[in-house]
Amino acid sequence: MLSDLSLAFETVKKMTENTEAVKQAGEVKNLEFVDTEIGGREIPNTESGQGLELQDQSRLMEEQNREVKEAAYMSDDIGLREQTQEFGDPAYIRELRESYPNMDTVLSKNEEILRDPGSDLAYQRAADTLERYKGTVFENEIKDSLGDRFELTESKQMTVETEYGETKPDVVLRGALEEMRIGDLTVGKGEDLYIEAKCGSAEYIRNQMGHMLEQVEGHEQNSLVVVTRDYLDIAPDVRAEFEKQLSEKGSHLYVADVRAMDISNGLFSSLKL
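Per numbering that gives the first Met the number 0: the sequence shown = residues 0 to 272.
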């Protein structure tokens with residue numbers, strides 16, 4: 000009986016010792032992460048905190064650098080960026096219809112179809128036509144924004160012969176009334192400006208890069224490519240190569256501060272349905 004009690008006592012003693020050992024080990028492990036405790040308040044691991052702080056600073060610097068680079072694409076000294084921010088405004092698009100009769104004709108025709116399509120197919124065709132037409136709306140918005148800074152805006156597309164065949168510049172502005180800067184292009188007083196405009200998704204603009212390089216061959220004097228903000232979604236290395244080739248042809252790039260979807264939505268919202 001005594002032997003059994005002694006055995007039980009020894010077992011309990013060993014279990015107590017093991018429990019205490021585990022407890023002490025846990026306290027030591029906790030000390031690896033917390034240096035000490037003062038008044039019930041744990042002092043954080045400063046080395047880990049510094050690492051997180053450096054990561055946050057690095058991310059912040061990367062974001063700031065990206066914003067600076069994007070701003071450079073949209074810089075000018077004539078308030079053009081602020082004007083392009085309004086390109087998706089339905090009220091502005093409605094105003095343009097009064098200045099561009101051809102635009103009003105196209106929109107009026109498709110408005111009639113959308114109001115009374117007759118079939119789902121007719122409705123879809125009209126909607127598709129308007130979706131594609133946002134590129135022409137974009138061109139007219141560029142003309143409207145820059146037109147009062149030049150003596151003349153060509154009302155009809157002119158045909159220019161190049162080594163790639165015939166090209167038709169989207170926008171031609173004659174005789175700058177004063178010197179101006181658009182992106183990294185400086186247009187001198189009295190000079191002309193030729194513009195190739197592209198409004199669309201990043202994928203669309205990327206697919207059009209080869210075409211744009213051919214189109215600027217038909218530009219005389221000052222050459223500029225204007226694209227919607229979707230361009231900035233294209234990989235930086237692809238953009239850099241395109242801009243290099245554009246520069247070699249004597250042309251420049253400007254990014255309008257508006258997305259193609261904004262113009263598309265604004266166009267549909269402006270309709271008289």
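No residue lacks a Cβ here, since even glycine has one placed at the ideal position from N, Cα and C.
Take the Cβ of valine 224 as the centre, count every other Cβ of all protein chains shown within 10 Å, and call the residue buried at 16 or more, exposed below.
Within the sequence shown, residue 224 is the residue found at index 225, counting from 1. Flag for valine 224 reads buried.
Can you list the alpha helix (DSSP H) stretches of 4 or more residues lying completely in the stretch 199-244, in chain order?
201-206, 208-214
Out of Phe86, Leu53, Gln63, Arg58, point me to the one whose CA is closest to serine 144's CA.
As a first step, residue 144 is located in the sequence shown; it is residue number 145 there, counting from the start. The residue with the shortest Cα to Cα distance from serine 144 is Phe86.
With H, G and I counted as helix, E and B as strand and the rest as coil, what does DSSP make of valine 136?
For the purposes of this step, residue 136 is identified with residue 137 of the sequence shown, where counting begins at 1. DSSP places valine 136 in helix when its eight states are reduced to three.
Mapping DSSP to helix, strand and coil, what is lysine 22?
Within the sequence shown, numbered from 1, the residue matching residue 22 stands at position 23. Reliability of the predicted coordinates at lysine 22 is poor, the pLDDT of 47 falling under 50, and the value obtained from them is presented with this limitation in mind. DSSP, read as helix, strand or coil, puts lysine 22 in helix.
Let me confirm a value: methionine 73 is counted as buried when at least 16 other C-beta atoms fall within 10 Å, else exposed. Which label applies?
Mapped onto the sequence shown, residue 73 falls at position 74. Classification for methionine 73: buried.
Taking the continuous alpha helix (DSSP H) assigned at phenylalanine 267, which residues delimit it?
Translated into the one-based positions of the sequence shown, residue 267 becomes position 268. Element bounds for phenylalanine 267: 259-269.
Answer with buried or exposed for proline 235, where buried requires no fewer than 16 other C-beta atoms within 10 angstroms of its C-beta.
Here residue 235 is taken as the residue at index 236 of the sequence shown, counted from 1. Exposed: under 16 other Cβ atoms inside 10 Å.
Just curious, the beta strand (DSSP E) that alanine 175 is in, first and last residue?
Numbered from its first residue, the sequence shown carries residue 175 at position 176. Alanine 175 -> beta strand (DSSP E) spans 170-175.
Measure the alpha-carbon distance for phenylalanine 32 versus glutamine 49 and round it to whole angstroms.
If you number the sequence shown from 1, residue 32 lands on position 33. If you number the sequence shown from 1, residue 49 lands on position 50. In this predicted model, phenylalanine 32 has a pLDDT of only 39, less than 50, meaning its place in the structure is not dependable; the value taken from the coordinates is given anyway. Going by the C-alpha atoms only, they are around 14 Å apart.
Glycine 209 and glycine 189 look like a contact to me (Cβ under 8 Å); what is the Cβ gap, rounded to whole Å?
Start at 1 with the first residue of the sequence shown, and residue 209 comes out as number 210. Start at 1 with the first residue of the sequence shown, and residue 189 comes out as number 190. The pair is not a contact, with the Cβ atoms about 33 Å apart (cut-off 8 Å).
Quick one: what's got a C-beta closer than 6 Å to valine 159's C-beta in the same chain, skipping five residues either side?
To locate residue 159, count along the sequence shown from 1; it is residue 160. Once the five neighbours on either side are set aside, the close Cβ partners of valine 159 are Thr166, Gly217.
With a CB to CB cut of under 7 Å and the five nearest residues on each side skipped, what residues in its chain are close to cysteine 198?
The sequence position of residue 198 within the sequence shown is 199, counting from 1. Result list for cysteine 198: Lys133, Gly134, Phe137, Thr227, Ala259, Ile262, in chain order.
Less than 7 Å between C-beta atoms, sequence neighbours within five positions excluded: which residues of the same chain meet that for aspartate 229?
To locate residue 229, count along the sequence shown from 1; it is residue 230. Hits under 7 Å: Gly199, Ser200, Ala201, Ile204, Arg258, Ala259.
DSSP puts valine 254 in a beta bridge; with which residues?
Looking up residue 254 in the sequence shown gives position 255. Paired residues: Val226.
Leaving aside the five residues before and after leucine 272 along the sequence, list all residues of the same chain whose C-beta is less than 7 Å from its C-beta, in chain order.
Translated into positions along the sequence shown, residue 272 becomes position 273. Cβ within range, chain order: Glu110, Leu113, Arg114.
Quick check on this structure: which residue in Gly249, Ile194, Asp76 has the alpha carbon closest to the alpha carbon of methionine 179?
Within the sequence shown, residue 179 is the residue found at index 180, counting from 1. Nearest option by C-alpha distance: Asp76.
Leaving aside the five residues before and after asparagine 264 along the sequence, list all residues of the same chain whose C-beta is less than 8 Å from its C-beta, in chain order.
On the sequence shown, residue 264 is found 265 positions in, with the first residue counted as 1. Within the same chain, asparagine 264 has close Cβ partners Gly87.
Between arginine 96 and asparagine 206, what straight-line distance do the alpha-carbon atoms span, to the nearest angstrom?
Numbered from 1 along the sequence shown, position 97 holds the residue referred to as residue 96. Numbered from 1 along the sequence shown, position 207 holds the residue referred to as residue 206. It is roughly 30 Å from the alpha-carbon of arginine 96 to the alpha-carbon of asparagine 206.
Starting from threonine 83, trace the alpha helix (DSSP H) in both directions and tell me its first and last residue.
Along the sequence shown, one-based indexing puts residue 83 at 84. Residues 79-83.
On the CB-based measure, 16 or more other CB atoms within 10 Å of its CB, does valine 170 come out buried or exposed?
Stepping through the sequence shown from its first residue, residue 170 is reached at position 171. Result: buried.
Return the chain-ordered list of same chain residues with a C-beta closer than 7 Å to the C-beta of aspartate 183, the five sequence neighbours on each side being excluded.
Working through the sequence shown from its first residue, we reach residue 183 at position 184. The residues are His251.
Go through its chain and collect everything with a Cβ distance to lysine 22's Cβ below 6 Å, but skip five positions before and after it.
Position 23 of the sequence shown, counting from 1, holds the residue named residue 22. Note on lysine 22: pLDDT 47, under 50, position unreliable in the model; no value is reported.
Spatial neighbours of valine 11 within its chain, please: CB distance less than 8 Å, with the 5 preceding and 5 following residues excluded, ordered by chain position.
The residue you call residue 11 lines up with position 12 of the sequence shown. With a pLDDT of 41 at valine 11, under the threshold of 50, the predicted position of this residue should be treated as unreliable, though the coordinate-derived value follows. Excluding residues within five positions, none has a Cβ falling inside 8 Å.
If distances are taken between C-alpha atoms only, which option among Lys142, Lys248, Glu61 comes closest to isoleucine 92?
Residue numbering aside, residue 92 sits at position 93 when the sequence shown is read from its first letter. Out of Lys142, Lys248, Glu61, Lys142 has the C-alpha closest to the C-alpha of isoleucine 92.
Indicate the three-state DSSP secondary structure (helix, strand or coil) for aspartate 103 in the structure shown.
In the sequence shown, counting from the first residue as 1, residue 103 sits at position 104. Here aspartate 103 sits in helix by DSSP.
Residues bridged to glutamate 195 by DSSP?
As a position in the sequence shown, residue 195 is number 196, starting the count at 1. Answer is Val224, bridged to glutamate 195.
Which class does leucine 272 belong to by DSSP, given the choice of helix, strand or coil?
Working through the sequence shown from its first residue, we reach residue 272 at position 273. It is coil, neither helix nor strand.
In terms of residues, what are the limits of the alpha helix (DSSP H) holding glutamate 97?
As a first step, residue 97 must be located in the sequence shown, where it is residue number 98. Where glutamate 97 is concerned, the enclosing alpha helix (DSSP H) stretches over 89-98.
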